[in-house]
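Participant: The numbering used here runs 6 ahead of the 1-based position in the sequence shown.
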Amino acid sequence: MALIDDALPMLADEPPKPVRSAPARRRTWRSPLRTAAFHVTGSLIALVWFLPILLVLLTSLRTFDDIAANGVGALPEGITAANYPEAWTTAGMGQAMVNSLIITVPTVVLSLLLASAAAYGLSRYRIPFRRTILLVMLAGNLLPVQVILVPLVRIAEALGIYDSLPAVIIAQTAFGLGFYTFVLYGFMRSIPMELQDAASIDGAGVLRTYWQVILPLCRPALAALAALAFTWIFNDLLLAITLLRTDDSFPITAAVLSLLGQYGGQWNLIAAATVIAAIPCVLVFLVFQRSFVGGLALGAVK
Numbered sequence: 007m008a009l010i011d012d013a014l015p016m017l018a019d020e021p022p023k024p025v026r027s028a029p030a031r032r033r034t035w036r037s038p039l040r041t042a043a044f045h046v047t048g049s050l051i052a053l054v055w056f057l058p059i060l061l062v063l064l065t066s067l068r069t070f071d072d073i074a075a076n077g078v079g080a081l082p083e084g085i086t087a088a089n090y091p092e093a094w095t096t097a098g099m100g101q102a103m104v105n106s107l108i109i110t111v112p113t114v115v116l117s118l119l120l121a122s123a124a125a126y127g128l129s130r131y132r133i134p135f136r137r138t139i140l141l142v143m144l145a146g147n148l149l150p151v152q153v154i155l156v157p158l159v160r161i162a163e164a165l166g167i168y169d170s171l172p173a174v175i176i177a178q179t180a181f182g183l184g185f186y187t188f189v190l191y192g193f194m195r196s197i198p199m200e201l202q203d204a205a206s207i208d209g210a211g212v213l214r215t216y217w218q219v220i221l222p223l224c225r226p227a228l229a230a231l232a233a234l235a236f237t238w239i240f241n242d243l244l245l246a247i248t249l250l251r252t253d254d255s256f257p258i259t260a261a262v263l264s265l266l267g268q269y270g271g272q273w274n275l276i277a278a279a280t281v282i283a284a285i286p287c288v289l290v291f292l293v294f295q296r297s298f299v300g301g302l303a304l305g306a307v308k
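Have a look at this one:
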């Protein structure tokens, strides 16, 4: 009894054990459940998104007789890679790939250069009606391309560049300029003005400050926009078939379309041509993957 009496004050001095509240207990057993539900939902979405790509890949590796006998959605009886060289030769995809790169690469460089210069002027200097100018440029991207195809053809004919690759390059540059300027405007607005003031004190002019100070700081945004612009322009079909008429100047998307018109039932060749046309965009995304994700995350934080 004496020991019990001695221990009672010590037990009384012990801090009370923490009692978890009901919401805390629910969070404890709900957290793994939420995590599992998140992973299951994400896996289902990824599977739905990947199914068409998997179907195209499998179709490109099947024979024509296999597809004719079992249908497009059936599992392949055998695998062959002969569809790829046949589609490459039949659709003339070599020249079409070169034409697409001739259109895409200069357009991306010219678009980002002009957009960065416009964003630099609008974001760093007090230009009259700069917000109105920015809104007008952004509103231009909201118009559907179809409504200006006829004026676009008339302008290209008046300039004497219709049915030529420069006509597509100029049109693609003009269409993307508003969006690129808007994105770069937001990035440049977040750059402290003290950097520009320090460059001015060191004797740098407007062009040197833009080229050596502001533009390098916008590298993540430029890389993300370059990857997006390359994908959009390389996969464009509407402007190409509107402004071009000669088969030798058609881009890769028009080559795939011509294959569909000639061999509408040979889905093995069409699927193989589609995979070939997608390879450059996949390579560009893999090269710019880190910069692309970094640019998107930087934009989200800002």
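Virtual Cβ for every residue (Gly too), placed ideally from N, Cα, C.
Fair warning: this is a prediction, and the values are worked out from it, not measured in the lab.
Straight-line CA distance for F86 to P226?
Facilitator: Checking the sequence, you will find Thr at residue 86 rather than Phe. Approximately 41 Å, taken between the alpha carbons.
Participant: Go ahead and label P257 buried or exposed: buried means 16 or more other beta carbons lie within 10 angstroms of its beta carbon, across all protein chains shown.
Facilitator: So P257 counts as buried.
Participant: Cα separation between T47 and P58?
Facilitator: Going from the Cα of T47 to the Cα of P58 covers about 18 Å.
Participant: Grouping DSSP H, G and I as helix and E and B as strand, with all else coil, what is V78?
Facilitator: Coil at V78, not helix or strand.
Participant: Which residue's Cα is closest to the Cα of S255: A52, G100, F188, P91?
Facilitator: Of the listed residues, the one whose Cα sits closest to S255 is G100.
Participant: Identify whether Y168 lies in helix, strand or coil by the three-state DSSP scheme.
Facilitator: Coil.
Participant: Pull up the distance between the alpha-carbon of L265 and that of T252, whole angstroms please.
Facilitator: So the two alpha carbons sit approximately 16 Å from each other.
Participant: For V288, which residues from the same chain have a beta carbon less than 7 Å from its beta carbon, with the 5 sequence-adjacent residues on both sides left out?
Facilitator: Excluding positions up to five away in sequence, the list is empty.
Participant: Compare the beta carbon distance of V219 and A205 with 8 Å and say whether it is the shorter of the two.
Facilitator: Going by C-beta atoms, V219 is nearer than 8 Å to A205.
Participant: Can you have a look at T65 and say buried or exposed, based on whether 16 or more other CB atoms are within 10 angstroms of its CB?
Facilitator: Label assigned to T65: buried.
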